[in-house]
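Anchor point for the sequence shown: position 190 equals 190 in the UniProt record's numbering, and the numbering is continuous, going up by one each time. Note that CB positions come from ideal geometry on N, CA and C, so glycine has one too. On a predicted model such as this, the values are computed, not experimentally measured, just so you know.
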Amino acid sequence: MTREQQISNADPATHECDVLVIGGGPAGSTIGALLAERGHRITILEKAHHPRFHIGESLLPANLPLLQQLGVAQEVDQIGMKKWGAEFNSPYHAKKRETFLFADAWDKSMPMAYQVRRADFDDILFRNARKKGATTIEGCRARSVEFLPHEKGAIVHALREDGSTETWKARFLVDASGRDTFLGTCFKIKRNNPKHNSSALYAHFRGAHRLPASEEGHISLFWFEHGWFWFIPLADGTTSVGAVVWPSYLKTRKKPVEDFFADTIAMSPELAMRLANARRVTDVEATGNYAYICAQTHGESFLMLGDAFAFYDPVFSSGVMLAMQSAFIGADTIDICLRQPRRAAAALRHFDRKSRHGGKVFSWYIYRITQPALRDMFMYPGNPARTKEAVLSVLAGDIFNKTPIWTSLRFFKMVYYLMSIRHLGRSWAAYKKRKENIRI
Numbered sequence: 001m002t003r004e005q006q007i008s009n010a011d012p013a014t015h016e017c018d019v020l021v022i023g024g025g026p027a028g029s030t031i032g033a034l035l036a037e038r039g040h041r042i043t044i045l046e047k048a049h050h051p052r053f054h055i056g057e058s059l060l061p062a063n064l065p066l067l068q069q070l071g072v073a074q075e076v077d078q079i080g081m082k083k084w085g086a087e088f089n090s091p092y093h094a095k096k097r098e099t100f101l102f103a104d105a106w107d108k109s110m111p112m113a114y115q116v117r118r119a120d121f122d123d124i125l126f127r128n129a130r131k132k133g134a135t136t137i138e139g140c141r142a143r144s145v146e147f148l149p150h151e152k153g154a155i156v157h158a159l160r161e162d163g164s165t166e167t168w169k170a171r172f173l174v175d176a177s178g179r180d181t182f183l184g185t186c187f188k189i190k191r192n193n194p195k196h197n198s199s200a201l202y203a204h205f206r207g208a209h210r211l212p213a214s215e216e217g218h219i220s221l222f223w224f225e226h227g228w229f230w231f232i233p234l235a236d237g238t239t240s241v242g243a244v245v246w247p248s249y250l251k252t253r254k255k256p257v258e259d260f261f262a263d264t265i266a267m268s269p270e271l272a273m274r275l276a277n278a279r280r281v282t283d284v285e286a287t288g289n290y291a292y293i294c295a296q297t298h299g300e301s302f303l304m305l306g307d308a309f310a311f312y313d314p315v316f317s318s319g320v321m322l323a324m325q326s327a328f329i330g331a332d333t334i335d336i337c338l339r340q341p342r343r344a345a346a347a348l349r350h351f352d353r354k355s356r357h358g359g360k361v362f363s364w365y366i367y368r369i370t371q372p373a374l375r376d377m378f379m380y381p382g383n384p385a386r387t388k389e390a391v392l393s394v395l396a397g398d399i400f401n402k403t404p405i406w407t408s409l410r411f412f413k414m415v416y417y418l419m420s421i422r423h424l425g426r427s428w429a430a431y432k433k434r435k436e437n438i439r440i
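Pasting the structure below:
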């Protein structure tokens, strides 16, 4: 039996739509709004109720054109903290701090982004999808799916929070379920990333010390012995703080997670100083097996968007941008599949290439963020062959346009490999540590 012929003992479908979207986060709400605008009958199933908490508060400059196309840029501006750049802090270098501004990237037209409370941001996108004509259902979780063997489309069975069930028949299915990876789990095609493994601890704080003036909204990264921290200031005065650590370190926890997180923060004196007068205002959350990827991005009658397909690491804040970008590409793909079936196969192949492209670009830097040579290059950046501008373009999310950064990025990678060879001992030790943690 093929993946698209999984059959459940189902009741007849009680509702019909053109496209059923599972998940009302940035990817699901974006594709729902775009397809509804094009006249398709869209239903979005969201397991929770907006607004709801979610981690991943840092957007990229490349998000802004997408928000403008959706018609929500002004609303996001009202709830966001302006983010003009990123700050890297290192205990391994004489120079302890380096700042990068998005305005110095190759394309100077995208100089800023936002830090956002995801509860507010996701709610804006979800309401926008409803305003554009999508049917939005909250408190409803997809439980099983069957793909019809003799016609294109799918039947999805869902459970409402009051215990009642609903069945939906759709011509096309979109999995935007995020880390729930609905289809990846159903098809058993979700795998731990064989090249990366990390765990995370995170919480929100109030009263953290921030950078001055226009730097206040910068995202800050702090390297330390067991990984790195993020520090994301939000407009309401709270700050998101998280530690992305080696799984081997998380396994050493012998105390409550709140105490373990506090001890972890103390390992970074600079971060600890910024939080000296802050108080934690949310529970500490811990997540293991952070990185995964599914074996496919699509089928004849479905797409997998954003985190439903893959999640790598939050280090460069690429998650929301990649999710929304995949939704824009996915909307074009589904529109072709439904209106011009003869072009469907080519459109799906194009979607697959674009979906994998984003992860491929960011993952090279993600896999090496704790490697000494890359730390050196970020703390002492030069711009030979416009490499700094090109890397800043990646950090800005400018990887889907025609910005000519690729030759410069190849030069940057060549320098990285030469520096790694030059300091072979420390490079090999760091590489071994990373490989050992992948196997955990």
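Taking the CA atoms as reference points, Met304 sits about 17 Å from Asn193. A buried status is given to Asp175, since no fewer than 16 other beta-carbon atoms sit within 10 Å of its beta-carbon.
Annotation for Glu161: Gly139 place their beta carbon closer than 7 Å to its own, counting only its chain and skipping 5 residues before and after.
Three or more beta-carbon pairs separated by less than 8 Å are not found between the region 239-250 and the region 76-86, which leaves the two stretches without contact. Exposure of Glu151 is indicated by the presence of fewer than 16 other C-beta atoms within 10 angstroms of its C-beta. Taking the C-beta atoms as reference points, Ile366 is found nearer than 8 Å to His196. Taking all protein chains shown into account, Ile219 has 16 or more neighbouring C-beta atoms within 10 Å of its C-beta and is therefore buried.
If the five residues before and after Pro111 are omitted, its C-beta is found closer than 6 Å to the C-beta atoms of Phe102, Ala103, all from its own chain and listed in chain order. DSSP, read as helix, strand or coil, puts Val284 in coil. A Cβ-Cβ distance of about 20 Å is found for the pair Gly299 and Leu322, leaving them out of contact under the 8 Å criterion. Closest option to Phe400, judged by alpha-carbon separation, among Lys360, Thr387, Pro381: Lys360. Following the DSSP letters along the chain, one finds Asn192 inside the beta strand (DSSP E) bounded by residues 190-192. Under the DSSP definition of a beta bridge, Met377 lacks any partner. Contact check for Phe100 against Leu392 passes: the beta carbons are separated by less than 8 Å. Exclusion of the five residues before and after Cys294 leaves Thr181, Gly184, Ile189, Lys190, Met304, Phe309, Ala310 as the residues of its chain whose Cβ lies within less than 7 Å of its Cβ. The region 283-291 and the region 18-33 do not touch, with fewer than three beta-carbon pairs separated by less than 8 Å. Secondary structure note for Pro149: it is in no alpha helix (DSSP H), with a DSSP letter that is neither H nor E.
Residue pairing of Tyr290 in beta bridges, as defined by DSSP: absent, with no partner found. DSSP links Cys140 through a beta bridge to Arg160.
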